[in-house]
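Here's the structure, in structure tokens; my notes come after.
There are 2 protein chains.
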Amino acid sequence: MRPNDMPPEEFRRFSTQVIDWVEDYLDEMSDLPVFPQVKPGDVVDALPDAAPVHGEPMEDILDDFKEIIVPALNHWNHPRFNAYFSVSASKPGILAEILASAINTNGMLWKSCPGHVELEQVVMSWLRQWLGLPEAFFGEILDTASTSTLQAIAAARVSAAPETRLKGAPRDLIVYTSEQAHSSVEKGAMSLGMGLEQVRKIAADAAFRMIPAKLAKAIQHDRAAGLRPCCIVSTVGTTAVTAIDPVAEIQAIAESEGLWHHVDAAYGGAAAILPEMRWMLQGAERADSLVFNPHKWLFTPIDCSAFFCRRPGALREAFSLVPPYLRTEKDSRAVNYMDYGIALGRRFRALKLWFVMRYFGREGVSTIIRRHNLWARQLAGLISEDSRFELSAPVTLSLVCLRYKGTDEDNQRIVDRVNESGTAFLGGSVINGRYILRIAIGNIATTHDDVLRVWDAVRKAV
Amino acid sequence: MRPNDMPPEEFRRFSTQVIDWVEDYLDEMSDLPVFPQVKPGDVVDALPDAAPVHGEPMEDILDDFKEIIVPALNHWNHPRFNAYFSVSASKPGILAEILASAINTNGMLWKSCPGHVELEQVVMSWLRQWLGLPEAFFGEILDTASTSTLQAIAAARVSAAPETRLKGAPRDLIVYTSEQAHSSVEKGAMSLGMGLEQVRKIAADAAFRMIPAKLAKAIQHDRAAGLRPCCIVSTVGTTAVTAIDPVAEIQAIAESEGLWHHVDAAYGGAAAILPEMRWMLQGAERADSLVFNPHKWLFTPIDCSAFFCRRPGALREAFSLVPPYLRTEKDSRAVNYMDYGIALGRRFRALKLWFVMRYFGREGVSTIIRRHNLWARQLAGLISEDSRFELSAPVTLSLVCLRYKGTDEDNQRIVDRVNESGTAFLGGSVINGRYILRIAIGNIATTHDDVLRVWDAVRKAV
Numbered sequence: 008m009r010p011n012d013m014p015p016e017e018f019r020r021f022s023t024q025v026i027d028w029v030e031d032y033l034d035e036m037s038d039l040p041v042f043p044q045v046k047p048g049d050v051v052d053a054l055p056d057a058a059p060v061h062g063e064p065m066e067d068i069l070d071d072f073k074e075i076i077v078p079a080l081n082h083w084n085h086p087r088f089n090a091y092f093s094v095s096a097s098k099p100g101i102l103a104e105i106l107a108s109a110i111n112t113n114g115m116l117w118k119s120c121p122g123h124v125e126l127e128q129v130v131m132s133w134l135r136q137w138l139g140l141p142e143a144f145f146g147e148i149l150d151t152a153s154t155s156t157l158q159a160i161a162a163a164r165v166s167a168a169p170e171t172r173l174k175g176a177p178r179d180l181i182v183y184t185s186e187q188a189h190s191s192v193e194k195g196a197m198s199l200g201m202g203l204e205q206v207r208k209i210a211a212d213a214a215f216r217m218i219p220a221k222l223a224k225a226i227q228h229d230r231a232a233g234l235r236p237c238c239i240v241s242t243v244g245t246t247a248v249t250a251i252d253p254v255a256e257i258q259a260i261a262e263s264e265g266l267w268h269h270v271d272a273a274y275g276g277a278a279a280i281l282p283e284m285r286w287m288l289q290g291a292e293r294a295d296s297l298v299f300n301p302h303k304w305l306f307t308p309i310d311c312s313a314f315f316c317r318r319p320g321a322l323r324e325a326f327s328l329v330p331p332y333l334r335t336e337k338d339s340r341a342v343n344y345m346d347y348g349i350a351l352g353r354r355f356r357a358l359k360l361w362f363v364m365r366y367f368g369r370e371g372v373s374t375i376i377r378r379h380n381l382w383a384r385q386l387a388g389l390i391s392e393d394s395r396f397e398l399s400a401p402v403t404l405s406l407v408c409l410r411y412k413g414t415d416e417d418n419q420r421i422v423d424r425v426n427e428s429g430t431a432f433l434g435g436s437v438i439n440g441r442y443i444l445r446i447a448i449g450n451i452a453t454t455h456d457d458v459l460r461v462w463d464a465v466r467k468a469v
Numbered sequence: 008m009r010p011n012d013m014p015p016e017e018f019r020r021f022s023t024q025v026i027d028w029v030e031d032y033l034d035e036m037s038d039l040p041v042f043p044q045v046k047p048g049d050v051v052d053a054l055p056d057a058a059p060v061h062g063e064p065m066e067d068i069l070d071d072f073k074e075i076i077v078p079a080l081n082h083w084n085h086p087r088f089n090a091y092f093s094v095s096a097s098k099p100g101i102l103a104e105i106l107a108s109a110i111n112t113n114g115m116l117w118k119s120c121p122g123h124v125e126l127e128q129v130v131m132s133w134l135r136q137w138l139g140l141p142e143a144f145f146g147e148i149l150d151t152a153s154t155s156t157l158q159a160i161a162a163a164r165v166s167a168a169p170e171t172r173l174k175g176a177p178r179d180l181i182v183y184t185s186e187q188a189h190s191s192v193e194k195g196a197m198s199l200g201m202g203l204e205q206v207r208k209i210a211a212d213a214a215f216r217m218i219p220a221k222l223a224k225a226i227q228h229d230r231a232a233g234l235r236p237c238c239i240v241s242t243v244g245t246t247a248v249t250a251i252d253p254v255a256e257i258q259a260i261a262e263s264e265g266l267w268h269h270v271d272a273a274y275g276g277a278a279a280i281l282p283e284m285r286w287m288l289q290g291a292e293r294a295d296s297l298v299f300n301p302h303k304w305l306f307t308p309i310d311c312s313a314f315f316c317r318r319p320g321a322l323r324e325a326f327s328l329v330p331p332y333l334r335t336e337k338d339s340r341a342v343n344y345m346d347y348g349i350a351l352g353r354r355f356r357a358l359k360l361w362f363v364m365r366y367f368g369r370e371g372v373s374t375i376i377r378r379h380n381l382w383a384r385q386l387a388g389l390i391s392e393d394s395r396f397e398l399s400a401p402v403t404l405s406l407v408c409l410r411y412k413g414t415d416e417d418n419q420r421i422v423d424r425v426n427e428s429g430t431a432f433l434g435g436s437v438i439n440g441r442y443i444l445r446i447a448i449g450n451i452a453t454t455h456d457d458v459l460r461v462w463d464a465v466r467k468a469v
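The listed protein sequences derive, respectively, from chains A and B.
Residue 133 in the numbering used here sits at position 126 of the first sequence, with consecutive numbering throughout.
Residue 99 in the numbering used here sits at position 92 of the second sequence, with consecutive numbering throughout.
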């Protein structure tokens with residue numbers, strides 16, 4: 008019996024209700040409208056202005072969750088949530104989150120929780136093998152790719168300019184990325200105190216891939232101007248259209264120029280698990296760091312960003328500051344993760360990744376990912392056959408970018424109509440100055456029929 | 008029926024097993040040794056070198072969890088986990104985490120999930136009221152206090168030096184904090200590209216509180232040297248001994264000098280909910296930002312760091328970079344949290360805080376916190392009566408710092424013995440150059456008897 012907390016029989020009753028709700032929610036989700044019928048402020052207006060003075064019955068809390076919160080959710084775990092990148096909380100991942108929340112460990116130091124820290128080492132080693140990266144890559148799990156990329160640039164910076172630790176960020180260090188790269192590269196650099204003027208956005212080719220020759224030229228130009236090139240961030244699966252930068256060519260430039268190369272495979276990394284897609288990461292095995300988010304396309308609940316770094320000493324140089332109350336005995340097998348990043352507190356994220364990797368196995372996840380890619384190509388075929396539409400970018404993975412041959416406003420209205428219909432939730436983007444539609448396939452429960460229904464909803468919206 | 012995922016009947020079976028395990032774990036935890044009998048590498052050695060090719064039965068995964076992981080856990084949710092700061096995952100918080108993991112939302116934009124974003128606004132408003140902060144404070148939930156403090160310093164920086172966005176971090180901006188402050192202040196500044204030489208550690212008084220006169224003098228000294236004072240970080244409940252900096256006096260200096268004042272109440276904030284402890288945050292209502300971690304002493308599972316900022320425009324200036332594919336319609340009631348920090352992806356952390364605040368109510372949490380403070384004072388009384396020990400710092404909240412009147416090695420050996428006994432898990436620190444023992448009280452299930460057992464274990468270890 009645990010004093011002060013909810014009594015055991017009450018916990019059993021409500022956890023049964025919660026689990027039943029989860030099971031029903033997941034199994035019947037396909038019938039729910041993906042995007043809710045709400046206006047800004049609806050939920051705020053429906054809830055009290057202040058927290059209760061006295062405790063409330065769990066019945067009431069769960070009722071409000073079902074009646075006020077759920078109807079205002081955009082259902083990210085829905086098979087026809089096709090905006091941004093499609094994500095999934097699979098049931099093995101959910102089971103792991105229940106356990107992780109109850110044991111409530113903090114894996115900042117080996118000593119702070121040996122089982123947590125060592126399982127993180129193990130699953131990151133397993134994942135490293137799935138991605139074809141060599142053993143030299145140190146792995147840690149962070150919250151998001153934004154944090155992972157920021158940490159990579161910080162490590163690159165302190166490698167190029169060790170004086171940063173004491174003196175602050177030099178204003179002459181330059182970071183290179185594609186004009187198609189995720190905004191997290193700019194945000195990371197800006198947060199780190201590198202100005203936006205220290206970030207070069209290299210032109211991309213017609214398939215939206217960074218052009219290595221332009222990269223090399225920009226580096227030479229900066230060197231000639233007395234600046235210090237420091238870091239290149241390439242992308243395997245860009246956010247707008249999932250373009251795949253030529254990693255090996257970029258790595259060759261990084262090597263000949265002595266620059267840090269960070270690979271942002273936050274989305275695309277999942278597909279690199281497939282033997283036929285391994286070419287995407289060719290060259291990454293010699294890169295300095297890589298991020299891949301299992302919480303995107305590897306069926307693991309949010310948040311779980313896998314960050315790999317071949318030069319962990321640079322991470323320690325960028326982030327370690329061990330105060331006396333956190334000192335523990337030295338042991339080469341006892342990893343103290345707090346020395347490798349910003350956050351001190353660290354949830355037990357390894358547990359859900361372990362459950363997902365084991366429950367589905369490499370073949371299991373590969374089969375699902377392979378199908379998503381296939382359906383994306385098939386959808387692209389259907390789009391090509393409809394003369395009212397055009398593809399806006401090559402389909403490289405499971406994202407399809409298209410546009411109705413009309414105005415930007417027409418296309419925007421199509422997105423709005425599909426979203427208002429509740430059939431699917433789509434997003435848009437701007438490519439070559441035109442508004443386009445993005446259909447991201449990637450939820451574990453998505454079927455071929457779901458893809459066809461989305462395409463149908465788009466055509467109906469015209 | 009949800010394709011590809013675990014079948015419903017299997018999920019029902021295993022979720023029942025998982026919930027039963029959680030209930031038994033929580034209710035019988037007090038009988039478990041807090042710290043495990045493991046050596047570095049034990050867990051790594053017990054697990055396969057590679058992930059399985061084919062999926063494995065959930066039975067086997069759960070068995071390995073129980074047989075390999077659990078015996079290697081340091082039980083943070085244990086009533087006699089007294090190291091660092093004691094934390095709690097209460098059962099209402101665990102129920103919320105089950106729901107949050109299943110709905111798997113990302114609250115980066117209002118449009119990305121209205122119910123998630125608006126509930127976060129509501130609970131942060133509720134919590135703001137509990138802390139006595141005015142409505143002008145914008146609230147957001149981040150992962151850890153390290154991130155919150157980093158974001159505060161970033162906002163302070165861009166306010167003092169708007170050129171930072173484009174040109175990078177100036178090397179003449181200075182951050183002030185106590186020599187007793189948490190290492191996250193230095194790590195935050197260093198990560199942001201402010202060198203460690205740009206951080207001043209102000210001397211503390213005999214009670215380990217920052218000395219305002221020394222702060223004022225350091226600011227004058229830096230101004231005279233042509234440097235730009237930028238930000239002060241005060242602490243309400245320091246990590247080593249829970250000293251409480253004189254927030255109002257520091258705020259007066261910040262105002263007269265035109266500096267940003269960030270209050271680190273990561274631990275102490277919980278006690279500020281008690282009317283009799285509100286004095287601790289006097290002056291904070293005029294500060295620029297404040298962090299308080301509900302995942303520490305407010306019975307909310309890890310991670311949940313509440314970050315309040317009275318100048319949200321400065322946060323946007325520090326972090327906003329909106330790319331086209333994330334643009335949504337403008338509405339003053341639709342908050343886009345991604346513009347206020349580093350991470351783009353954001354778990355639904357508000358749900359667990361909502362469940363905890365409602366289930367226990369303000370009186371419920373206050374009663375538990377008040378008792379922890381009382382027991383800490385009572386323990387200090389017992390220590391004073393034992394001539395072999397001495398108190399190392401005033402007891403201000405629920406942490407007791409003491410030392411055996413012997414060598415540092417003697418004290419270190421006492422900590423090791425207590426931890427090896429499994430009765431409790433204690434930590435140490437270094438204060439005034441001497442190694443001390445820290446007994447942190449703060450788990451929801453801790454009883455007065457637990458506190459006496461810990462004290463007994465310490466005396467036996469002598």
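Built from N, CA and C at the ideal position, the CB exists for glycine as well.
Who are the neighbours of Gln-205(B) on chain A, taking C-beta pairs under 7 angstroms?
-> Here residue 205(B) refers to the residue found at position 198 of the second sequence. For Gln-205(B), the residues of chain A that pass the 7 angstroms Cβ criterion are Gly-175, in the order they occur in the chain.
If you measure beta-carbon to beta-carbon, which residues of the segment 105–123 of chain B are closer than 9 angstroms to chain A?
-> Cβ contacts with chain A: Ile-105, Leu-106, Ala-107, Ser-108, Ala-109, Ile-110, Asn-111, Thr-112, Asn-113, Met-115, Trp-117, Lys-118, Ser-119, Cys-120, Pro-121, Gly-122, His-123.
Spatial distance of Ser-263(B) from His-269(B) (CA atoms) = As a first step, residue 263(B) is located in the second sequence; it is residue number 256 there, counting from the start. As a first step, residue 269(B) is located in the second sequence; it is residue number 262 there, counting from the start. Approximately 15 angstroms, taken between the alpha carbons.
Return yes when the Cβ of Phe-326(A) is within less than 8 angstroms of the Cβ of His-123(A), no when it is not.
-> On the first sequence, residue 123(A) is found 116 positions in, with the first residue counted as 1. On the first sequence, residue 326(A) is found 319 positions in, with the first residue counted as 1. Going by C-beta atoms, His-123(A) is not nearer than 8 angstroms to Phe-326(A).
With 16 other CB atoms within 10 Å as the buried threshold, where does Thr-374(B) fall?
-> As a first step, residue 374(B) must be located in the second sequence, where it is residue number 367. When all chains shown are included, Thr-374(B) counts as exposed.
Span of the beta strand (DSSP E), counted from its first residue to its last, around Asp-271(A) | Taking the first sequence and counting its residues from 1, one reaches residue 271(A) at position 264. Residues 267–271.
Backbone CA spacing between Thr-245(B) and Asp-49(A) [nearest angstrom] = Along the second sequence, read from residue 1 onward, the residue named residue 245(B) stands at position 238. Along the first sequence, read from residue 1 onward, the residue named residue 49(A) stands at position 42. Thr-245(B) and Asp-49(A): Cα-Cα distance of roughly 40 angstroms.
Length of the line joining the Cα atoms of Ile-4(B) and Ser-108(A) | Residue 4(B) falls outside the range modelled here, since chain B spans only 8 to 469, and no answer is possible.
What span of residues does the beta strand (DSSP E) with Glu-142(B) cover, start to end?
-> The residue labelled residue 142(B) in the question sits at position 135 within the second sequence. Counting along the chain, Glu-142(B) falls outside any beta strand (DSSP E), and DSSP gives it neither H nor E.
So what does DSSP say about Lys-303(A), is it helix, strand or coil?
-> Residue numbering aside, residue 303(A) sits at position 296 when the first sequence is read from its first letter. Lys-303(A): helix per DSSP, three-state reduction.
Which class does Arg-317(B) belong to by DSSP, given the choice of helix, strand or coil?
-> As a first step, residue 317(B) must be located in the second sequence, where it is residue number 310. If DSSP states are grouped into helix, strand and coil, Arg-317(B) belongs with coil.
Given 8 angstroms as the limit, is there contact between the segment 450–462 of chain B and the segment 379–387 of chain B, that is, 3 or more CB pairs closer than that?
-> These segments touch.
Ignore the nearest five residues each way along the sequence and tell me which others in Leu-322(A)'s own chain have a CB closer than 6 angstroms to its CB.
-> Here residue 322(A) is taken as the residue at index 315 of the first sequence, counted from 1. Cβ neighbours of Leu-322(A) beyond the five flanking positions: Ala-162, Cys-316, Tyr-347.
Taking C-beta to C-beta, are Asp-417(A) and Arg-441(A) nearer than 8 angstroms?
-> Here residue 417(A) is taken as the residue at index 410 of the first sequence, counted from 1. Here residue 441(A) is taken as the residue at index 434 of the first sequence, counted from 1. Not a contact, by the Cβ cut-off of 8 angstroms.
Counting only beta-carbon atoms, is His-379(A) nearer than 8 angstroms to chain B?
-> On the first sequence, residue 379(A) is found 372 positions in, with the first residue counted as 1. The beta carbon of His-379(A) sits no closer than 8 angstroms to any beta carbon of chain B.
Touching or not, the segment 293–308 of chain B and the segment 148–161 of chain B, by the rule of three or more beta carbon pairs under 8 angstroms?
-> Yes, the segment 293–308 of chain B touches the segment 148–161 of chain B.
Only counting runs of 3 or more residues, tell me where the beta strand (DSSP E) segments fall wholly within the segment 225–294 of chain A, in order along the chain.
-> 235–242, 267–271, all fully within the segment 225–294 of chain A.
In its own chain, which residues sit with a C-beta less than 7 angstroms from the C-beta of Met-197(B), not counting the 5 before and 5 after it?
-> For the purposes of this step, residue 197(B) is identified with residue 190 of the second sequence, where counting begins at 1. Contacts found: Leu-203.
Given 8 angstroms, three or more beta-carbon pairs between the segment 126–139 of chain A and the segment 48–66 of chain B = Short answer: they touch.
In chain B, what lies closer than 7 angstroms to Ile-451(A) by C-beta?
-> Residue numbering aside, residue 451(A) sits at position 444 when the first sequence is read from its first letter. By Cβ distance, chain B contributes Asn-11, Asp-12.
Considering Tyr-366(B), what are the terminal residues of the alpha helix (DSSP H) in which it resides?
-> Start at 1 with the first residue of the second sequence, and residue 366(B) comes out as number 359. Note, Tyr-366(B): alpha helix (DSSP H), 357–392.
Going along the segment 144–178 of chain A in order, which residues come within less than 7 angstroms of chain B, judged by CB to CB distance?
-> Here the close residues are Asp-150, Thr-151, Ser-153, Thr-154, Leu-157, Ala-161, Thr-171, Arg-172, Leu-173, Lys-174, Gly-175, Ala-176, Arg-178.
With 16 other Cβ atoms within 10 Å as the buried cut-off, status of Leu-358(B) | Indexing the second sequence from 1 puts residue 358(B) at position 351. So Leu-358(B) counts as buried.
Run the proximity test for Arg-420(B): is its beta-carbon closer than 7 angstroms to any non-hydrogen atom belonging to the ligand SAH?
-> The ligand SAH is absent from the structure shown, which contains no ligand whatsoever.
In whole angstroms, what separates the C-alpha of Phe-306(B) from that of Ser-95(B)?
-> The residue given as residue 306(B) occupies position 299 in the second sequence. The residue given as residue 95(B) occupies position 88 in the second sequence. Approximately 5 angstroms, taken between the alpha carbons.
Kindly indicate which residue of Leu-80(B), His-189(B), Pro-236(B), Arg-87(B) has the alpha-carbon position closest to the one of Ala-272(B).
-> Stepping through the second sequence from its first residue, residue 272(B) is reached at position 265. For Ala-272(B), the nearest C-alpha among the options comes from His-189(B).
What is the rounded straight-line gap between the Cα of Lys-98(B) and the Cα of Arg-369(B)?
-> Taking the first residue of the second sequence as 1, we reach residue 98(B) at position 91. Taking the first residue of the second sequence as 1, we reach residue 369(B) at position 362. Each residue's Cα considered, the two are about 17 angstroms apart.
Count the other CB atoms within 10 Å of the CB of Arg-365(A); is the residue buried (16 or more) or exposed (fewer)?
-> Position 358 of the first sequence holds residue 365(A). Classification for Arg-365(A): buried.
Report the residues of the segment 408–436 of chain B with a CB closer than 8 angstroms to any CB of chain A, ordered along the chain.
-> Listed in sequence order: Gly-434, Gly-435, Ser-436.
Would you please verify whether the beta carbon of Gln-187(A) is less than 8 angstroms from any beta carbon of chain B?
-> Mapped onto the first sequence, residue 187(A) falls at position 180. Not an interface residue.
Can you name, in chain order, every residue of its own chain whose Cβ lies under 6 angstroms from the Cβ of Asn-426(B), other than the five neighbours on each side?
-> Locating residue 426(B) in the second sequence gives position 419, where the first residue counts as 1. So the list reads Phe-42, Phe-432, once near-sequence residues are dropped.
Using a Cβ cut-off of 8 angstroms (strictly closer), state whether Phe-21(A) contacts chain B.
-> In the first sequence, residue 21(A) corresponds to position 14, counting from 1. For Phe-21(A), the answer is yes, since a Cβ of chain B falls inside 8 angstroms of its Cβ.
Glu-17(B) versus Arg-87(A) - alpha carbon distance | As a working mapping, residue 17(B) is identified with position 10 in the second sequence. As a working mapping, residue 87(A) is identified with position 80 in the first sequence. Straight-line spacing of the CA atoms in Glu-17(B) and Arg-87(A) works out to 24 angstroms.
Any chance the segment 104–118 of chain B sits against the segment 274–282 of chain B, with 3 or more Cβ pairs inside 8 angstroms?
-> In this structure the segment 104–118 of chain B does not touch the segment 274–282 of chain B; the number of beta carbon pairs closer than 8 angstroms is below three.
Could you spell out the range, first to last residue, of the alpha helix (DSSP H) harbouring Ile-26(B)?
-> Within the second sequence, the letter at position 19 stands for residue 26(B). Start and end: 15–35.
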